Amino acid sequence: MAKEGVKAREVKRARIVAKYAEKRAALKAAGDFIGLDKLPKASSPVKLHNRCKLTGRPRGYMRQFGISRVTFREMALAGKIPGVKKASW
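As numbered in the numbering used here, residues 53 to 141 make up the sequence shown, in order.
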């Protein structure tokens, strides 16, 4: 489980990226790299990192489900993900 502050920071970054997306695109199209440099560093989409929606774990993220591999395994074993069952051979 990630710290609440770390999860909140990631949400804040996502909000800032959305806020400056249009302005950033316009500056890039115009080739105004000095103007781009004056924008907040957190407004770059590269700064975003995928995190598990339930636990906030940054690693082992499964894009298709939006959760980490650990959470996926727990939910699959509990039968909470439809169509997914544990292989047994």
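Each residue gets a CB set at the ideal place from its N, CA and C atoms; glycine is no exception. If you're wondering where the values come from, they're calculated on a predicted model, not measured in any experiment.
Judging by CA-CA distance, which residue of the options is the nearest neighbour of residue i?
i: GLU126; options: GLY83, LYS138, ARG65; result: LYS138
i: LYS64; options: ARG109, PRO92, VAL122; result: PRO92
i: GLU56; options: GLY108, SER96, GLY131; result: GLY108
i: VAL69; options: GLU62, PRO97, ARG103, VAL136; result: PRO97
i: TYR72; options: HIS101, MET114, LYS90, GLN116; result: LYS90
Which residues bound the alpha helix (DSSP H) around residue i?
i: PHE85; result: 85–90
i: THR123; result: 121–129
i: ARG65; result: 56–82
Is the Cβ-Cβ distance between residue i and residue j less than 8 Å?
i: LYS105; j: GLY118; result: yes
i: GLY112; j: ARG103; result: no
Buried or exposed: which applies to residue i, given that a residue is buried once 16 or more other Cβ atoms fall within 10 Å of its Cβ?
i: SER140; result: exposed
i: PHE124; result: buried
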